[in-house]
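A.B. asks: Before anything else, here's the structure in question.
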Amino acid sequence: MEIKWYIFLSVALFCIGVIGALTRRNAIIVFMCIELMLNSVNLLLVAFSKMHLSGIAAKAPALATDAQLFVFFIMVVAAAEVSVGLAIIVMMYRNTHSVDINFLNRLKN
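Residue numbers (the working numbering): 14 to 122.
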């Protein structure tokens, strides 16, 4: 498959994530949109790695896995972000009985 299809899919997913994060008020949906943006970047990173390092993989297989290692670390950081973010959302729900982002302004006082 050509690289342009991966780029198109990644840009589409990233745009959906940006639009969802900017327009929604529900904290869980905003959180899912941020994760969607991270996954679109991961997809693009792996696609470019596959495209540019396909010739190098036969000579030096260790060089061909650099982007996959970056993706793995991004997924680990995203998992940590999910655990902390969901804990914050649960605590916000316990205090305000809503996951509406507009209630976060009340927490400043």
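Think of the CB as a built atom: it goes at the ideal place given N, C-alpha and C, for glycine as much as any other residue.
1) Tell me the rounded alpha-carbon separation between V31 and M50.
2) Assuming I102 and F44 form a contact by the criterion Cβ under 8 Å, report the distance between their Cβ atoms to the nearest whole angstrom.
3) Return the residue from the list N39, H65, E15, V97 that minimises the CA-CA distance to N115.
4) From V24 to V54, what does the alpha carbon distance come to, in whole angstroms?
5) With L58 and A80 assumed to form a contact (beta carbons below 8 Å), what rounded beta-carbon distance in angstroms separates them?
6) How would you label A60, buried or exposed, when you count the other beta carbons within 10 angstroms and need 16 or more for buried?
C.D. replies: The relevant details are as follows:
1) If you number the sequence shown from 1, residue 31 lands on position 18. If you number the sequence shown from 1, residue 50 lands on position 37. Approximately 7 Å between the Cα atoms of the pair.
2) In the sequence shown, residue 102 corresponds to position 89, counting from 1. In the sequence shown, residue 44 corresponds to position 31, counting from 1. At roughly 7 Å, the Cβ-Cβ gap stays under 8 Å, so I102 and F44 are in contact.
3) To locate residue 115, count along the sequence shown from 1; it is residue 102. Answer by Cα proximity: N39.
4) To locate residue 24, count along the sequence shown from 1; it is residue 11. To locate residue 54, count along the sequence shown from 1; it is residue 41. Those two C-alpha atoms are separated by around 9 Å.
5) Along the sequence shown, one-based indexing puts residue 58 at 45. Along the sequence shown, one-based indexing puts residue 80 at 67. Their Cβ separation, rounded to whole angstroms, is 5 Å, which keeps L58 and A80 in contact under 8 Å.
6) Here the question's residue 60 lines up with position 47 in the sequence shown. Looking at its Cβ environment, which holds 16 or more other Cβ atoms inside 10 Å, A60 is buried.
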